[in-house]
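For my numbering, count along the sequence shown from 1 and bump the result up by 65. Glycine is no exception: its CB is placed at the ideal position from the N, C-alpha and C atoms. Read through the structure below, which is laid out as C-alpha coordinates, and then see the notes.
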Amino acid sequence: GIVDEYYKGTYHGQSSATLMFRLAKEARQDNNAMLWWGIMGLTEQYVNERVDSNYYDLAITSYQEEALRLNPSAEEDKRGG
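Here is the structure:
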(Lines of atoms letter the chains of each structure in order from A and count residues from 1; the text may use other names and numbers.)
(Lines give C-alpha, C1' and ligand atoms only; values in the text may rest on other atoms or scores of the structure.)
Protein backbone atom coordinates (compact mmCIF):
# COMPACT_ATOMS: atom_id res chain seq x y z
CA GLY A 1 0.00 0.00 0.00
CA ILE A 2 0.92 3.65 0.17
CA VAL A 3 2.51 3.32 3.62
CA ASP A 4 4.79 0.53 2.39
CA GLU A 5 5.75 2.65 -0.60
CA TYR A 6 6.52 5.60 1.66
CA TYR A 7 8.91 3.58 3.84
CA LYS A 8 10.43 1.61 0.98
CA GLY A 9 13.61 3.70 0.81
CA THR A 10 13.91 4.52 4.49
CA TYR A 11 17.46 4.76 5.73
CA HIS A 12 18.72 5.41 9.25
CA GLY A 13 22.01 7.20 9.65
CA GLN A 14 24.07 7.68 12.76
CA SER A 15 22.27 8.46 15.96
CA SER A 16 22.46 12.04 17.20
CA ALA A 17 24.38 10.78 20.24
CA THR A 18 26.99 9.19 17.98
CA LEU A 19 27.24 12.34 15.92
CA MET A 20 27.68 14.49 19.01
CA PHE A 21 30.44 12.22 20.32
CA ARG A 22 32.26 12.43 16.98
CA LEU A 23 31.96 16.23 16.95
CA ALA A 24 33.23 16.47 20.52
CA LYS A 25 36.15 14.20 19.65
CA GLU A 26 37.06 16.41 16.68
CA ALA A 27 36.98 19.43 19.01
CA ARG A 28 39.00 17.50 21.62
CA GLN A 29 36.15 17.89 24.09
CA ASP A 30 35.11 14.24 24.36
CA ASN A 31 34.84 12.42 27.66
CA ASN A 32 33.48 9.21 29.15
CA ALA A 33 29.96 10.61 29.57
CA MET A 34 29.76 11.53 25.89
CA LEU A 35 31.18 8.13 24.96
CA TRP A 36 28.50 6.45 27.08
CA TRP A 37 25.75 8.43 25.33
CA GLY A 38 27.22 7.47 21.95
CA ILE A 39 27.16 3.81 22.93
CA MET A 40 23.58 4.15 24.18
CA GLY A 41 22.53 5.80 20.91
CA LEU A 42 24.09 3.00 18.89
CA THR A 43 22.52 0.34 21.11
CA GLU A 44 19.08 1.96 20.79
CA GLN A 45 19.40 1.81 17.01
CA TYR A 46 20.45 -1.84 17.12
CA VAL A 47 17.71 -2.92 19.55
CA ASN A 48 15.09 -1.17 17.40
CA GLU A 49 16.51 -2.71 14.22
CA ARG A 50 17.61 0.58 12.68
CA VAL A 51 21.10 -0.78 12.06
CA ASP A 52 22.16 -4.33 11.27
CA SER A 53 24.52 -6.51 13.28
CA ASN A 54 27.47 -5.86 10.94
CA TYR A 55 27.19 -2.09 11.43
CA TYR A 56 26.74 -2.56 15.18
CA ASP A 57 29.79 -4.83 15.47
CA LEU A 58 32.01 -2.38 13.60
CA ALA A 59 30.76 0.60 15.58
CA ILE A 60 31.04 -1.11 18.96
CA THR A 61 34.65 -2.08 18.17
CA SER A 62 35.34 1.58 17.46
CA TYR A 63 33.74 2.56 20.76
CA GLN A 64 35.91 0.00 22.59
CA GLU A 65 38.98 1.68 21.10
CA GLU A 66 37.65 5.07 22.20
CA ALA A 67 37.11 3.76 25.74
CA LEU A 68 40.74 2.63 25.86
CA ARG A 69 41.93 5.96 24.47
CA LEU A 70 39.95 7.91 27.08
CA ASN A 71 40.95 5.51 29.89
CA PRO A 72 44.55 4.40 29.24
CA SER A 73 44.90 2.92 32.73
CA ALA A 74 42.12 0.44 31.91
CA GLU A 75 44.30 -1.13 29.20
CA GLU A 76 47.26 -1.31 31.61
CA ASP A 77 45.06 -2.99 34.21
CA LYS A 78 43.84 -5.44 31.57
CA ARG A 79 47.46 -6.40 30.77
CA GLY A 80 48.34 -6.65 34.45
CA GLY A 81 50.48 -3.49 34.45
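{"Query": "Is it buried or exposed for T83, if we count other Cβ within 10 angstroms and need 16 for buried?", "Result": "buried"}
{"Query": "Thinking just about the alpha-carbon of each residue, which of Q79, S81, F86, H77 is nearest to the one in E131?", "Result": "F86"}
{"Query": "What three-state label does DSSP hand Q23 in the structure shown?", "Result": "Because the chain in this structure spans residues 66 to 146, residue 23 falls outside the shown range and cannot be described."}
{"Query": "Report the three-state DSSP secondary structure of V112 (helix, strand or coil).", "Result": "helix"}
{"Query": "Check whether chain B comes within 8 Å of R134, counting only Cβ atoms and requiring the distance to be less than that.", "Result": "Note that chain B does not occur in the displayed structure, where there is just one protein chain."}
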